[in-house]
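Novice: Take this structure first; my questions come after.
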Amino acid sequence: MTRHLLFAASLAGLALLPAPSAPPGAAVPAGPSDSLKVILLGTAVGPRVNLQQYGASILVEADGERFLFDCGRGATLRLVQAGVPIGSIRRLFLTHLHSDHVLQIPDLMLTGWAGARRTEPLEVWGPAGTRSMMEHLQQAFSFDIHMRRDVDERLPAAGIQVLSHDIAEGVVFDEGGVRITAFLVDHGPVRPAFGYRIDYRGRSVALSGDTRFSENLVRAAQGVDVLIHEVIDPVAIRNNVDHPNPSAIEAIIAHHTTPEQAGEVFSRVRPRLAVYSHAPSTESVIRQTRTTYAGPLQGPEDLLTIVIGDSIVVRHAPR
Ligand SMILES: [Zn+2]
155 MTRHLLFAAS
165 LAGLALLPAP
175 SAPPGAAVPA
185 GPSDSLKVIL
195 LGTAVGPRVN
205 LQQYGASILV
215 EADGERFLFD
225 CGRGATLRLV
235 QAGVPIGSIR
245 RLFLTHLHSD
255 HVLQIPDLML
265 TGWAGARRTE
275 PLEVWGPAGT
285 RSMMEHLQQA
295 FSFDIHMRRD
305 VDERLPAAGI
315 QVLSHDIAEG
325 VVFDEGGVRI
335 TAFLVDHGPV
345 RPAFGYRIDY
355 RGRSVALSGD
365 TRFSENLVRA
375 AQGVDVLIHE
385 VIDPVAIRNN
395 VDHPNPSAIE
405 AIIAHHTTPE
415 QAGEVFSRVR
425 PRLAVYSHAP
435 STESVIRQTR
445 TTYAGPLQGP
455 EDLLTIVIGD
465 SIVVRHAPR
């Protein structure tokens, strides 16, 4: 649909280089070690099953280290499609605990160990409730864990350990030159909800998580190279969503960001590239965003790869 159009719009005055279609993930050259690589694994909005856009999940790589942000439906499948071994994911950061952001965690936890040879603990950072959720997930799968660890396959115990952190706003990870900062966003009654900023050797990307317009995000994202933001289309939701409680529709809308508001955020942060994820893939959203933002903008696409270096390289997955 709009991707070429969007791309053409984003080229004006920018070091944004289109590349020929190539397999995602593995096909992107490693590049200099000071580059940050981002892969949008799943870009869908909300809990509905969507076969074009899987559940919310974004992978960030810095110098070979991998950091997964949210783990919505299909995240592990997209990792494999991107050429990333599931067992290589040892660090997971959650923006909030809505199901569409966490549904695939059991698969990451269990298959990453039993099917993909993770031998080190899975470490998880997230809002209050994260530790409890991870403990309950381990409990829910205790039979399988017991069988594979203690009885049958005798898989390494460390690989199915989980280290969880209920975090507060601030720096939550600082190792090997990678600094990850959690900042509070505003997802209505779902609080706390976080966005994250990742800084590595002068390169940076910020992820909004789910939020309505957030002044705190505008502050926290200042100076980033790439800003990945959520958006909804209120008109489309009012017209199309069949919700058992119609009055809930307006509440849902009020807990997210409209295209005009996202455009305002982009205009105030002025990233080198603005990207939508957790977003409808429609021309209408782009058109509405253009009323408040004229800069480089990339629509939501699963398996889109962004390499942030001296220039920003965007690669689309083949269709
Ligand atoms: Zn949410």
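Be aware that the sequence shown starts at 155, since it is given in this note's numbering, and climbs by one per residue.
Ideal Cβ placement from N, Cα and C applies to all residues, glycine included.
Everything numeric in this text was worked out from a predicted model, so none of it was measured.
1. Between the segment 284 to 299 and the segment 328 to 341, can you find at least three pairs of beta-carbon atoms closer than 8 Å?
2. Relative to the alpha-carbon of Val-474, which residue among Ala-322, Thr-445, Gln-206 and Ser-435 has its alpha-carbon at the smallest distance?
3. Is Ser-318 helix, strand or coil by DSSP?
4. For Ile-299, which residues in the same chain have their Cβ closer than 6 Å to its Cβ, ignoring the five residues on either side in sequence?
5. Buried or exposed for Met-288, please, with buried defined as at least 16 other CB atoms from any protein chain shown within 10 angstroms of its CB.
6. Would you mind stating whether Val-192 and Val-316 have Cβ atoms separated by less than 8 Å?
7. Since Gly-463 contacts Asp-188 with CB under 8 Å, what's their CB separation in whole angstroms?
8. Quick one, which of Thr-284, Phe-348, Val-468 and Arg-285 has its alpha-carbon nearest Thr-365's?
9. CB-CB under 8 Å to Ile-391, same chain, minus the five flanking residues each way: which ones, in chain order?
10. So does Asp-224 have its beta carbon nearer than 7 Å to some heavy atom of ligand 1?
11. Which residues, in chain order, sit with a beta-carbon under 6 Å away from any heavy atom of ligand 1?
12. I'd like to know whether the C-beta atoms of Ala-311 and Arg-302 end up nearer to each other than 8 Å.
13. Can you tell me where the alpha helix (DSSP H) with Val-372 in it begins and where it stops?
14. Counting only the same chain and skipping the five closest in sequence on each side, list residues whose C-beta sits under 7 Å from that of Ile-498.
15. Quick check on this structure: which residue in Ser-242, Val-359, Pro-398 and Glu-437 has the alpha carbon closest to the alpha carbon of Thr-265?
16. Taking Gly-280 as the reference, give the member of Val-372, Gln-235 and Val-326 with the closest Cα.
17. Round the Cβ separation of Leu-194 and Pro-454 to the nearest angstrom and send it over; I've been treating them as touching at under 8 Å.
18. Measure the C-alpha to C-alpha separation of Ala-416 and Asp-353 and round it to an integer number of angstroms.
19. For Gly-196 versus Arg-232, is the C-beta spacing smaller than 8 Å?
20. Taking the straight line between their C-alpha atoms, what separation do you get for Gly-330 and Val-234?
21. To the nearest whole angstrom, what separates the beta carbons of His-432 and Ala-210, a pair I think is in contact under 8 Å?
22. Assuming Leu-371 and Val-339 are in contact, meaning their beta carbons sit under 8 Å apart, how far apart are those beta carbons, in whole angstroms?
23. Check this for me: beta carbons of Tyr-208 and Ala-229, under 8 Å apart or not?
24. Buried or exposed: where does Glu-384 fall if 16 or more other Cβ atoms within 10 Å of its Cβ makes it buried?
25. Anyone know if the C-beta pair for Leu-222 and Leu-246 falls short of 8 Å?
26. Figure out for me which residue from Asp-254, His-250 and Arg-441 has the closest Cα to the Cα of Val-389.
27. Taking Phe-327 as part of the beta strand (DSSP E), name the residues at either end of that continuous run.
Specialist: Straight from the coordinates:
1. Too few Cβ pairs lie closer than 8 Å, so no.
2. For residue 474 there is no data in the structure shown, the boundaries of the chain being 155 and 473.
3. Residue state for Ser-318 is assigned as strand, using DSSP reduced to three classes.
4. Hits under 6 Å: Ile-314.
5. By the beta-carbon neighbour count (other beta carbons within 10 angstroms, threshold 16), Met-288 is buried.
6. It is not a contact, given that the beta carbons lie outside the stated cut-off.
7. Between Gly-463 and Asp-188 the beta-carbon gap is near 7 Å, inside 8 Å, which marks them as a contact.
8. It is Phe-348.
9. Only Ile-403, Ile-406 and Ile-407 meet the Cβ criterion.
10. The answer is no for Asp-224.
11. Screening all residues for a C-beta within a distance smaller than 6 Å of any heavy atom in ligand 1 leaves His-250, His-252, His-341, Val-344 and Asp-364, in chain order.
12. Ala-311 places its beta carbon 8 Å or farther from that of Arg-302.
13. It spans 369 to 374 - the alpha helix (DSSP H) in which Val-372 sits, taken as one unbroken run.
14. In the structure as shown, the chain begins at 155 and stops at 473. Residue 498 is therefore absent and cannot be evaluated.
15. For Thr-265, the nearest C-alpha among the options comes from Ser-242.
16. Closest option to Gly-280, Cα to Cα, is Val-326.
17. That pair is a contact at about 7 Å.
18. Each residue's Cα considered, the two are about 22 Å apart.
19. Going by C-beta atoms, Gly-196 is nearer than 8 Å to Arg-232.
20. Distance from the CA of Gly-330 to the CA of Val-234, rounded to the nearest whole angstrom, comes to 25 Å.
21. Confirmed, Cβ separation roughly 5 Å.
22. Contact between Leu-371 and Val-339 holds, with the beta-carbon distance rounding to 5 Å and staying under 8 Å.
23. Taking 8 Å as the Cβ cut-off, Tyr-208 and Ala-229 qualify as a contacting pair.
24. Counting every other CB atom within 10 Å of its CB across the protein chains shown gives Glu-384 a total of 16 or more, marking it as buried.
25. With respect to Leu-246, Leu-222 sits close: the two C-beta atoms are nearer than 8 Å.
26. Checking every option, the nearest Cα to that of Val-389 belongs to Arg-441.
27. Run containing Phe-327: 324 to 329, per the beta strand (DSSP E) assignment.
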